[in-house]
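Scroll down for the structure; my scribbles are underneath it.
4 protein chains.
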Amino acid sequence: MDSKVLTDMKYRVWQANLALAKANLVVLTWGNASEINRDLGIIVIKPSGVPYEAMTADQMVVTDLAGNLLEEGSLNPSSDLPTHVYLYQQFKGVNGIVHTHSKYAVMWAQSGRDIPPYGTTHADTFYGPIPCTRQLTEDEVVTAYERDTGKVIVERFINDQIDPLAVPGILTIGHGPFTWGVTVEKAVENAIVLDEVAHMALFTEMLNDHRDVLPNYLLDKHYFRKHGKHAYYGQG
Amino acid sequence: MDSKVLTDMKYRVWQANLALAKANLVVLTWGNASEINRDLGIIVIKPSGVPYEAMTADQMVVTDLAGNLLEEGSLNPSSDLPTHVYLYQQFKGVNGIVHTHSKYAVMWAQSGRDIPPYGTTHADTFYGPIPCTRQLTEDEVVTAYERDTGKVIVERFINDQIDPLAVPGILTIGHGPFTWGVTVEKAVENAIVLDEVAHMALFTEMLNDHRDVLPNYLLDKHYFRKHGKHAYYGQG
Amino acid sequence: MDSKVLTDMKYRVWQANLALAKANLVVLTWGNASEINRDLGIIVIKPSGVPYEAMTADQMVVTDLAGNLLEEGSLNPSSDLPTHVYLYQQFKGVNGIVHTHSKYAVMWAQSGRDIPPYGTTHADTFYGPIPCTRQLTEDEVVTAYERDTGKVIVERFINDQIDPLAVPGILTIGHGPFTWGVTVEKAVENAIVLDEVAHMALFTEMLNDHRDVLPNYLLDKHYFRKHGKHAYYGQG
Amino acid sequence: MDSKVLTDMKYRVWQANLALAKANLVVLTWGNASEINRDLGIIVIKPSGVPYEAMTADQMVVTDLAGNLLEEGSLNPSSDLPTHVYLYQQFKGVNGIVHTHSKYAVMWAQSGRDIPPYGTTHADTFYGPIPCTRQLTEDEVVTAYERDTGKVIVERFINDQIDPLAVPGILTIGHGPFTWGVTVEKAVENAIVLDEVAHMALFTEMLNDHRDVLPNYLLDKHYFRKHGKHAYYGQG
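Residue numbers (this note's numbering), protein chains in the order written: chain A, 1204 to 1439; chain B, 1204 to 1439; chain C, 1204 to 1439; chain D, 1204 to 1439.
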């Protein structure tokens, strides 16, 4: 394997994990970010339970596409690795995944509710409600908890025919958010937006019991202002 | 054009944008500030989608009063430029405008409600409720969304006969706040106050379902303590 | 006047004001702290509307006990000076006063409610509910607003026979908190505690509609653990 | 006594107290952490009422297992020392204890409610609800308040047959949280988790009146993923 490509991947994944800490999305050692290189057949992910301030790029864990460790003397990967593996297998356009226990997203996950698209801050990144998974069965939890967390995520996107790149995140019920993107940097950005949107939606509901979600034409406007070939936000 | 004046404008607009980030009113690349020089016929505004930490004074975008780019090789201006242009055309005393997605202001905007003047913190800056616009129609959104965002803002000030310098800000429904002032520094300050007041009002309502807004004589007292010829707050 | 004593007073008042900013109790130029020296017949208070980061000890304003400026070329004192003056006249044991628009205290002030003593964090500093004043009449506001703000504060302590050193703070309705103490440092500390207690009480109510306030024997225990001759908290 | 062991204990207890401040769990001089060495028969605890920024390792107070001071010229120990002593006597596997007035935990303590296990963030550290003690009687408060605070804590664990190492913390009603662990570092970590979990649970309830707690099989899964001989989280 080209060692320069791998070094760069480790660096980016390390930076992505540090960005989660800097954005106050993680407490203690919670949270993890990973990146896939589909051509080389490798995934790089944060090690399990290592403090952010002591973590080095070098410690990022390398696995094959099934999640098997590829390097001698590697640290243990994040225990959520099987969820990442499953999502990479099912969501072909996704190259970076982030999981956190960020406060406001967790509050919604614990409430078992989708986050309604109350505003353009939401619509700029998520083209529709941010879904919440169903509860895993006892059998799923006992047998293959982390992989089946991936399974109930994908199930929701299939059942509701949602494009995972148009709604780049989900809440796993009673647990917390997973976000993703075409790069790991984009997955981090989506994790930041998700928590911010969750915070805003929480108190929007408190202010107005009868508030409306955005009309579809405004949801379209804001999402396509930033995404697709007619996008005109940013420096193109 | 006098290059010193332009350099100074770019510097002030750059500083105003950085002040939004420092006051925790913006996340990622959200938010924008602009300034107008009516004599020279120019507007200077933040470029679209540039990270705050990498932004330079030099990158501020210069347009004419209709929003046409005036400099070769300019970055794309903030996508909200047409809103700024429209507001400058209609609000003659305004020389600086700020737009953010600051959390607490957005919560109120998403709830579709005006912010009632519950206290003197509000009255010191906003002489009455902080209004929330109506929803734009599908036609308005599809045709000229950003300009018509300006249009529904101005419509509310005309319909309710509100002086935009006495109530220097508004919530655009489902979106977020715009604030303004006689300088861009004042527009930034008003954005800070608006978010703080939105936070306070949110939980004032939770504490007391039957709370009163300020009596008019106290609204008058606080507003005119800081504004107009009888003001006695500050160093005059 | 002994210039060393005055220089020290200015330094302490300046430091007290900076401490308010450091404790996140003030936004922009809001808030003010003062100290009295009853023997010398002087009050030192923050100037009005000066940004905290630019403020110097030198700029603190010196007045006599009626609030008249004593130094040539002095800046304007805080517009709340007459409230401080009135409180110093009525509360003989008080030598330092602080006023802020700190968020959580203001939420309660805007709701027009006393803060009930829900916990020992409250009882350690405030021996009973933190009172909220009545609304000033139009006449009071128009005639002598700032002095009469002092008047309605004192009125509440007299009517309810509260010792201002046992309950060293109040909410002025629709406005915000005043706190005080035997020193200006203690007044700052009480302002910090008041906002923290206001935050805790706000959500205590949300969690339990039927919560109790502390039983009197526990209120006594905590207050007298820290105050009076049987106190055993700290290095006394 | 081996002075190296004692110096190390003082250093760890000092660091643990500083970690509480760094994690924003304490205001002013509130909060305290202690460690026990059962072989040597000593407890080291924070002094009472000393500001965190001025505190030195040297100032940590050393007592015997009954809480009697062992060093000449020692500062006064935290007034909560008798609670620590009682807990060390009753909870044999516990070697570090932390007490704070952290905001969100206090809100629950003031509401008098156990924190239900709404999510995996809770279950990763607390294997079941986080209990809240009963109110102390007047007699208990007057006679031996701090020791009896320990007594009502232990009473709850005995009555409900809870293992203190499986649920390493409690809320003392109207007061605040105590947490513990096999080391003082772990007790600090548990204090951080408790406040975070309290925050999440508060707004989970606001979002959904009919939310469920975690099913037992998921509570088991998450707790035993991190604890016991089948744990697979971290670097083992």
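We put the beta carbon where it would ideally sit given N, CA and C, even for glycine. Just so you know, these numbers come straight off a predicted model, no measurement behind them.
Per DSSP, cross-strand counterpart(s) of residue i
i: Val1146(B); result: With chain B covering only 1204 through 1439, there is no way to say anything about residue 1146(B).
i: Leu1272(B); result: Thr1266(B)
i: Pro1280(B); result: Pro1250(B)
For residue i, the first and last residue of its enclosing alpha helix (DSSP H)
i: His1287(A); result: 1284-1293
i: His1402(B); result: 1387-1410
i: Pro1310(A); result: A small correction: the amino acid at residue 1310(A) is Met; Pro does not occupy that position in the sequence shown. That run of the alpha helix (DSSP H) goes 1306-1314.
i: Tyr1426(A); result: 1419-1429
i: Arg1215(D); result: 1206-1225
Distance, residue j Cα to residue i Cα
i: Cys1335(A); j: Val1396(A); result: 16 angstroms
i: Asp1327(D); j: Asp1366(D); result: 15 angstroms
i: Asp1283(B); j: Ile1245(A); result: 41 angstroms
i: Tyr1163(A); j: Glu1392(A); result: Since the first and last residues shown for chain A are 1204 and 1439, residue 1163(A) lies out of range.
i: His1302(C); j: Leu1223(C); result: 10 angstroms
i: Ala1347(B); j: Asp1317(B); result: 25 angstroms
i: Pro1418(D); j: Met1409(D); result: 20 angstroms
i: Gln1218(C); j: Ala1260(C); result: 8 angstroms
i: Leu1368(D); j: Gly1296(D); result: 7 angstroms
i: Ala1257(B); j: His1413(D); result: 46 angstroms
i: Leu1421(A); j: Ala1434(A); result: 14 angstroms
i: Ser1206(B); j: Val1230(C); result: 35 angstroms
i: Ala1236(C); j: Ile1300(C); result: 6 angstroms
i: Thr1352(C); j: Thr1375(C); result: 7 angstroms
i: Asn1274(C); j: Thr1407(A); result: Per the sequence presented here, residue 1274(C) reads as Glu, with Asn not at that position. Answer to the nearest angstrom: the Cα atoms are 51 angstroms apart.
i: Val1416(A); j: Pro1320(A); result: 5 angstroms
i: Lys1213(C); j: Leu1268(C); result: 16 angstroms
i: Thr1386(C); j: Thr1382(B); result: 40 angstroms
i: Gly1270(C); j: Phe1294(C); result: 16 angstroms
i: Pro1285(D); j: His1378(D); result: 16 angstroms
i: Asp1444(B); j: Glu1343(C); result: The displayed coordinates of chain B run from 1204 to 1439. Any statement about residue 1444(B) would go beyond what the structure contains.
i: Tyr1289(A); j: Pro1380(C); result: 55 angstroms
i: Thr1266(A); j: Gly1276(A); result: 13 angstroms
i: Gln1313(C); j: Leu1228(D); result: 27 angstroms
i: Arg1215(B); j: Glu1388(B); result: 8 angstroms
i: Trp1233(B); j: His1304(B); result: 7 angstroms
i: Gly1431(A); j: Pro1332(B); result: 39 angstroms
Residue range of the unbroken beta strand (DSSP E) whose run includes residue i
i: Val1301(B); result: 1299-1302
i: Asn1240(B); result: 1235-1240
heavy atom of the ligand MN below 7 angstroms from residue i C-beta
i: Asp1283(C); result: As far as ligands go, the structure on display features none, and thus does not contain the ligand MN.
* Taking three-plus beta-carbon pairs below 8 angstroms as touching, is the segment 1299-1315 of chain A in contact with the segment 1390-1405 of chain A? -> Here the segment 1299-1315 of chain A makes contact with the segment 1390-1405 of chain A; the two share three or more CB pairs at distances below 8 angstroms.
| Whole alpha helix (DSSP H) runs in the segment 1317-1401 of chain B with 4 or more residues, listed along the chain? | 1323-1326, 1341-1362, all fully within the segment 1317-1401 of chain B.
- Task: Decide if the segment 1335-1345 of chain C is in contact with the segment 1359-1378 of chain C; the criterion is three or more beta carbon pairs, one per stretch, under 8 angstroms apart.
- Result: With a cut-off of 8 angstroms, the segment 1359-1378 of chain C and the segment 1335-1345 of chain C count as touching, because enough Cβ pairs lie within range.
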